[in-house]
Each structure stands twice: as C-alpha cells, then as structure tokens.
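Report on one structure; see the data block that follows.
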Amino acid sequence: MAEEDDVSKPSPDATPAAKAADDATAKAEASAPQKKAGSPMAGILGFVIALGGGFFLGQWINNRGRDDVAIEEGPRYKVELRGDEPTQGPADALVTIIEFADYECPYCANAVPPLEDALEDEAENVRLIYKHFPLPMHAKAGPAARAAWAGLQQGKFWELHHWLFEKKSDLAQLEEKVAALGLDRDKFLRDMASEASAQSVDADMLAGAKIGVSGTPVFFVNGHRYVGIKTAPQWRTIIARELEEAERLVASGTPRAGVFDALMVDAVTKAQPGASGSKPGDPDPNTRYQVDVTDRPALGPADALVTVVIFSDFQCPFCAKSSALAHQLAEQAPDVRVVFRNL
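For what it's worth, the working numbering labels the leading residue of the sequence shown as 1029, then goes sequentially.
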C-alpha cells in the first residue's frame, strides 16, 4: 500500500521530517526482541477479539444525535502519569480527563470539537491530559505522535495536535507547519527522531494497555472510563456529575489541589472484568488464554511475535469491518499474525 510505503520506504528525496520519522521507527525496530518460532498452542499472546473494531464503531453510531449518556458507576482507574504529558487546564482542577487517542483515527478527530466545546464552559474546573495510543494498523500514527512530542518540547504541542488530526497524520507538509509555528527546525527534527520521543510514546501506550485500552478514543474522567465520541451535552453531563463528587470532597476538607489524588487512592491499576465495554462473564483482559490455531486460516508469519485470534461471523456487519482492519494490520505489522476462527 502507498501509505505503508510512505513510512517504511522513503524515497531519496524524502524530507528531513520524513527521515526523522523513519529514524525513530528504525530505532524501535532495532531494539525489538528476536522472533522465536513455536507450536500453535504455545506462546500465543492472549488477544481474543470478538467484533473488535465494531465495538468502537457501534459506540459512535449509538451516540450520534443523542444527548443522553450513561454515567459510569464502575471502578475508577489510575492511569500512570509521568508528569510531562501535554496538559490543558489548571493543576488544581476538580475534574481531570485523561485522553488516549491516535492521530490517524477518524473517531479521535471527530471527538475533539465536542469535548473542547464542553471544556470552554468549565475552564477553571477541568484539565485535559493527552496520552498517545497509535494503533498498529495506522502506519502514520506513530510518527505523528513523535512529531507532537517534538512540538511539546518547544511549547507548541496543542497547535500541532490539532493540525495532525486535520491532516490525518500526513506529514508531507510538516516542515512548513514547523516553520509557520516559529519552531527551531533542527531541534524539532532531532527531537522527533530521538529515542526519548519513542520512549515517551511507548510509555503512554503501556500505561493505556495496563488499564485495558485497546482502541481509540478512550477517556478517563476522574478515573471513570468512557469510550468513543461524545456530544458536547453528553460531556457536560459527565463533567457535572464528576464535579458534584469533587465538590463534596472539597466541602469535607480536601484541598482542591488534592481532589484527584484523593479519588485515586482506591482506584484500580489494571483492567477489570465487567468494566465499561465488557460484561460479567467476559474473558479477563489481564489473562493470557491458549487458543488452538492449528490448521486455521491466518495472515502473517507463523513465527510472528504477536498472534491475534479473531472469532468472527460472516453475517455480522461489524465483523466485516473488523476483517478489513485485520488485513490492514497484517500488511503493516510484519511481526503480527492474525488467525481467524468461526463464531
């Protein structure tokens, strides 16, 4: 695919920005573990996807044109924060929203305007923290995340953030944007290709994976998990509910600056069965399961580092969309094998 070629096979005339992205990608690949072949029943990563991509599509369809929203009453999740993530809003905000997103994800791009609309109403009470979660089937999302990190080092993250969503991670005009923002071009390119940028993005992804993030966008509002696009009225409802709880803590003597930490005291640190997006009795997302893949149709090498097993139904429209994503994943991630089983 042309998109894959743009990332993995730059032409001799590739721009410095494109080369910086390739340098960062090459470093990550060089540090990856060596492949080890194994039996079909051994070493399989515990990914069992049923209607995987369809879940997020369904969330978006269900929310279109609706202003009511189900308030999350489940566990609060404690997202690992380093302290250097891009942030909007006051440090003593009563409500903290942590967003995991991908610059090549159209749902993530569509989620931005309604959230920003709602945040304008509560600028003094809400802060937004952004964490990168580039999905493996989006070849341009990783380089785009590193470009955003490079912009953060010069105080222009949010300007690049909006631009990258607008461009769907296409970096062809990145150098022009860097110049328009008045950034130090050489420093930007060094930062983008640096090990530090790759490590920062990887740390964000690991933090998300620990608490069950597997698609985008996902938001944690004072620890409560919300998936997919929300309308501005839905966001206002969610924020208002969290403000009520936060104000009760303040009234009982908790300093404003200590509200988030107080809410995180009993928060869980890994994905919980029965949380948003799953039901009681669903597989535990923290457990690896042995799935027999003997003589099953598969995409990708038999000695792949990661094996994804998809249970699918040929009459399910969401499965059809997931199948297309699986083929794209297999094409763009050479160390991933996708195995199909009928459900």
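Here a beta-carbon is modelled for each residue, glycine too, at the ideal position from N, C-alpha and C.
Here the structure is a predicted model, which means the values were calculated and not measured.
Rounding to the nearest angstrom, what Cα-Cα distance links residue i and residue j in this structure?
| i | j | result |
| --- | --- | --- |
| leucine 1079 | valine 1296 | Residue placement at leucine 1079 cannot be trusted, given a pLDDT of 35 that sits under 50; what the coordinates show is reported in the next sentence. Roughly 26 angstroms between the two C-alpha positions. |
| phenylalanine 1236 | phenylalanine 1216 | Reading off the sequence shown, one finds glycine at residue 1236, where the question assumed phenylalanine. Taking the straight line joining both Cα atoms gives about 26 angstroms. |
| valine 1278 | asparagine 1370 | 53 angstroms |
| glutamate 1275 | leucine 1122 | 8 angstroms |
| lysine 1184 | leucine 1209 | 8 angstroms |
| proline 1001 | isoleucine 1099 | As shown, the chain starts at 1029 and ends at 1371. That puts residue 1001 outside it, with no answer to give. |
| isoleucine 1338 | asparagine 1250 | 33 angstroms |
| methionine 1233 | valine 1097 | 27 angstroms |
| leucine 1427 | aspartate 1331 | The question about residue 1427 has no answer here: the residues shown for the chain are numbered 1029 through 1371. |
| threonine 1315 | valine 1334 | 15 angstroms |
| phenylalanine 1288 | alanine 1169 | 30 angstroms |
| aspartate 1130 | threonine 1322 | 34 angstroms |
| glutamine 1377 | valine 1206 | Residue 1377 is absent from the structure shown; the chain starts at 1029 and stops at 1371. |
| arginine 1269 | valine 1293 | 19 angstroms |
| serine 1350 | serine 1340 | 9 angstroms |
| cysteine 1347 | alanine 1260 | 30 angstroms |
| glycine 1102 | valine 1241 | 16 angstroms |
| aspartate 1149 | glycine 1117 | 12 angstroms |
| threonine 1265 | threonine 1244 | 21 angstroms |
| proline 1162 | tryptophan 1263 | 24 angstroms |
| histidine 1190 | phenylalanine 1248 | 20 angstroms |
| proline 1134 | lysine 1196 | 8 angstroms |
| phenylalanine 1368 | proline 1362 | 17 angstroms |
| leucine 1271 | arginine 1253 | 16 angstroms |
| methionine 1165 | serine 1280 | 47 angstroms |
| alanine 1221 | aspartate 1095 | 42 angstroms |
| aspartate 1219 | isoleucine 1267 | 35 angstroms |
| alanine 1200 | alanine 1352 | 26 angstroms |
| valine 1255 | glutamate 1204 | 34 angstroms |
For residue i, I'd like the list of residues in its chain whose CB is within less than 7 angstroms of its CB, leaving aside the five on either flank, ordered along the chain.
| i | result |
| --- | --- |
| methionine 1069 | Reliability fails at methionine 1069, whose pLDDT of 32 lies under 50, so the model's placement of it is uncertain and the value that follows must be treated cautiously. Within the same chain, methionine 1069 has close Cβ partners Gln1318 and Asp1320. |
| glutamate 1113 | Ile1157, Tyr1158 and Lys1159 |
| alanine 1124 | Here the sequence assigns threonine to residue 1124, which means alanine is not the residue at that position. Cβ within range, chain order: Arg1155, Ile1157, Asn1250 and Phe1288. |
| arginine 1092 | Its pLDDT being 48, under 50, arginine 1092 is placed unreliably in this model, and the value from its coordinates should be taken loosely. Counting only Cβ-Cβ distances below 7 angstroms, and skipping sequence neighbours, we find nothing. |
| leucine 1357 | Pro1164, Met1165, Val1364 and Val1366 |
| asparagine 1153 | Ala1121, Leu1122, Val1123 and Leu1271 |
Just reading off the beta strand (DSSP E) that residue i is part of, what are its end residues?
| i | result |
| --- | --- |
| lysine 1159 | 1154-1160 |
| alanine 1332 | Run containing alanine 1332: none; DSSP gives neither H nor E here. |
| glutamate 1127 | 1123-1129 |
Under 8 angstroms Cβ to Cβ from residue i, same chain only, skipping five residues before and after it: list those, please.
| i | result |
| --- | --- |
| alanine 1290 | Leu1277 and Thr1282 |
| threonine 1115 | Arg1155, Leu1156, Ile1157 and Tyr1158 |
| glutamate 1273 | Asn1250 and Leu1291 |
| alanine 1151 | Gly1117 |
| alanine 1176 | Pro1114, Tyr1131, His1160, Phe1185, Leu1188, His1189 and Leu1192 |
| leucine 1211 | Gly1179, Gln1182 and Lys1184 |
Let me make sure I understand the geometry here. Which of the options has the alpha-carbon closest to that of residue i?
| i | options | result |
| --- | --- | --- |
| arginine 1324 | Ala1352, Arg1365, Asp1130 and Ala1172 | Arg1365 |
| aspartate 1230 | Asn1153, Glu1108, Gly1102 and His1160 | His1160 |
| arginine 1110 | Ser1242, Ile1126 and Cys1133 | Ile1126 |
| phenylalanine 1193 | Pro1141, Met1220, Ala1224 and Arg1264 | Pro1141 |
| alanine 1139 | Asp1120, Val1246 and Asp1219 | Val1246 |
| lysine 1106 | Lys1298, Val1336, Leu1353 and Trp1191 | Lys1298 |
| leucine 1327 | Cys1344, Gln1343, Trp1191 and Ala1354 | Ala1354 |
| lysine 1238 | His1190, Phe1128 and Met1220 | Phe1128 |
| alanine 1137 | Asp1363, Gln1356 and Lys1258 | Lys1258 |
| alanine 1178 | Gly1256, Ser1228, Phe1368 and Arg1284 | Ser1228 |
| aspartate 1120 | Ala1352, Ala1285 and Ile1267 | Ala1285 |
| proline 1171 | Ser1280, His1252 and Asp1198 | Asp1198 |
For a cutoff of 8 angstroms on Cβ pairs, would you count residue i as touching chain D?
| i | result |
| --- | --- |
| glutamine 1182 | This model lacks chain D altogether; it includes just one protein chain. |
With a threshold of 6 angstroms on Cβ separation, who are the neighbours of residue i within its own chain once the five nearest residues in sequence on each side are excluded?
| i | result |
| --- | --- |
| glutamate 1108 | Ala1235 |
| arginine 1213 | Val1206 |
| aspartate 1145 | Ala1260 |
| leucine 1143 | Trp1263 |
Going by DSSP, what residue range makes up the alpha helix (DSSP H) through residue i?
| i | result |
| --- | --- |
| threonine 1265 | 1260-1279 |
| arginine 969 | Summary: the structure shown does not reach residue 969, with the chain confined to residues 1029 through 1371, and so no result is reported for it. |
| cysteine 1344 | Unbroken run through cysteine 1344: none, as it is neither H nor E. |
| methionine 1292 | 1287-1292 |
| alanine 1119 | Segment: none, alanine 1119 is in no alpha helix (DSSP H) and carries neither H nor E. |
| arginine 1174 | 1169-1180 |
| leucine 1147 | 1134-1149 |
Task: Whole runs of the beta strand (DSSP E) within the region 1184-1256, excluding any shorter than 3 residues - done: If we require 3 residues or more, the beta strand (DSSP E) runs fully inside the region 1184-1256 come out as 1246-1249 and 1252-1255.
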